[in-house]
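Enquirer: Start counting the sequence shown at 792; every next residue gets the next number (our numbering).
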Amino acid sequence: MAKKLNAKLTKLLKYYSLINHNLILSNKTINRYKSNNSSNQNLKTLSLEKLRKSLRNINNCDLKNNATNLVFSDGNPNSRIMIIGEGPGANEDKEGLPFVGRAGQLLDKMLNAINLDRDKVYIANIIPWRPPANRKPTEEEINICLPFVHKHVELVNPSILVLLGAIAAKAFYKTDNGITQIRGNWKNISVGNIKNLKSIAIFHPAFLLRQPARKREAWEDLKKIKMEIDQNT
Ligand code: URA
792 MAKKLNAKLT KLLKYYSLIN HNLILSNKTI NRYKSNNSSN QNLKTLSLEK
842 LRKSLRNINN CDLKNNATNL VFSDGNPNSR IMIIGEGPGA NEDKEGLPFV
892 GRAGQLLDKM LNAINLDRDK VYIANIIPWR PPANRKPTEE EINICLPFVH
942 KHVELVNPSI LVLLGAIAAK AFYKTDNGIT QIRGNWKNIS VGNIKNLKSI
992 AIFHPAFLLR QPARKREAWE DLKKIKMEID QNT
């Protein structure tokens, strides 16, 4: 169902770009020499659909064969804030959307606490298919998926990248340090053609559900993110 809808949406967007829908739906003059925001956004939507399709077509990751759905993303692809989690659980696998289970509910609360919600951020995962029985993804699985995640970040082109938990932080930072050491520090990273992307790792909401005493540190990190958003985005 979701796949059919996506295919339809891609076709529709291609059709709209082809017929130059701006001309039909708006009586504003069109500057043909400068790229305008809405055509950039359409292009981004198309590129993200292409990326979703290439993930759907890969055949070197067994996780895909055991999963019900590809869990690609949720939220606003034009947001300045991109959040990367670990990988889908049972609820996400069923619905084809990231963070819709208990950890997702806590993530929503964390976002709300700093005036954000799913329309104001864009969310994806390191691994887009549920690992069987919710086991941790292997290094091999992470390495297979990582180029797609990098491309995903490049296409969304956020100002701030928030890495949820150890798996996402280690995948981006290539460090053996634990999340307790890594979290809460701004780090400029290069991702694809993006140089100096401001990133921060924070505790994963699933970890906070298991260890609620760590919510105090998570709150400190969320405040840092809010301050950065207020000052620089
Ligand atoms: N945990 C994650 O890391 N991602 C999800 O999508 C859900 C739970």
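Quick reminder that beta carbons are idealized off the backbone N, C-alpha and C, glycines included. Just so you know, these numbers come straight off a predicted model, no measurement behind them.
Would you kindly check if the distance between the Cβ of LEU897 and the Cβ of LEU999 is under 8 Å?
Expert: Yes, the Cβ-Cβ distance between LEU999 and LEU897 is below 8 Å.
Enquirer: In chain order, what residues of the same chain lie with their CB nearer than 8 Å to the CB of ARG871, ignoring the 5 residues before and after it?
Expert: Contacts found: PRO949, SER950, ILE951, ILE1020 and THR1024.
Enquirer: The beta strand (DSSP E) spanning SER830 covers which residue range?
Expert: It is not in any beta strand (DSSP E) - SER830 instead sits in the alpha helix (DSSP H) that spans 828-848.
Enquirer: DSSP state of ASP899, grouped into three classes?
Expert: Three-state result, ASP899: helix.
Enquirer: Please specify which runs of the beta strand (DSSP E), each continuous and at least 3 residues long, are wholly inside the segment 951-1018, giving them in chain order.
Expert: For the segment 951-1018, whole beta strand (DSSP E) runs of length 3 or above, ordered along the chain, are 951-955, 978-982 and 985-993.
Enquirer: Identify whether ILE935 lies in helix, strand or coil by the three-state DSSP scheme.
Expert: Three-state DSSP puts ILE935 in a helix.
Enquirer: Could you give the DSSP three-state label for ASP865: helix, strand or coil?
Expert: In the structure shown, ASP865 sits in a strand (DSSP, three-state: E or B).
Enquirer: Given LYS978, which residues of its chain have a CB within under 6 Å of its CB, disregarding the five upstream and five downstream residues?
Expert: Around LYS978: SER990.
Enquirer: The alpha helix (DSSP H) spanning ALA915 covers which residue range?
Expert: Here ALA915 belongs to no alpha helix (DSSP H); instead the beta strand (DSSP E) covers 913-916.
Enquirer: Can you tell me whether ALA904 is buried or exposed, with buried defined as 16 or more other CB within 10 angstroms of its CB?
Expert: Per the 10 Å Cβ criterion, exposed.
Enquirer: Does the Cβ of ILE849 have 16 or more other Cβ atoms within 10 Å, making it buried, or fewer, making it exposed?
Expert: Burial call: exposed.
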